[in-house]
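Numbering (the numbering used here), first residue to last: -14 to 76.
This is the structure in structure tokens:
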């Protein structure tokens, strides 16, 4: 289980507990339940495959979130390697 999924599961469980408290009459728990549910939903945004990593020699697939800037590299290691390769080419 990756960190996003673990965090999402934790948020959903916390939201469920806050919802139960809100239903039993604790007023502040309703807002907490809403906040936790919204954060969990944000972490569960659809993720799609966008194609191959742009670093020369890498064959991994880049995973894209539904919103935000498109990713070019499969991860931080490839992004850094591509940076150093560009810097070496410029020198």
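No residue lacks a Cβ here, since even glycine has one placed at the ideal position from N, Cα and C.
{"query": "Residue -7 versus residue 50: straight-line alpha-carbon distance, rounded", "result": "16 Å"}
{"query": "Exposure of residue 40, with buried meaning 16 or more beta-carbon neighbours within 10 Å", "result": "buried"}
{"query": "Same chain only: Cβ atoms within 6 Å of residue 63, ignoring 5 sequence neighbours per side", "result": "38, 40, 43"}
{"query": "Alpha helix (DSSP H) segment containing residue 26, residue limits", "result": "13 to 28"}
{"query": "Length of the line joining the Cα atoms of residue 14 and residue -5", "result": "16 Å"}
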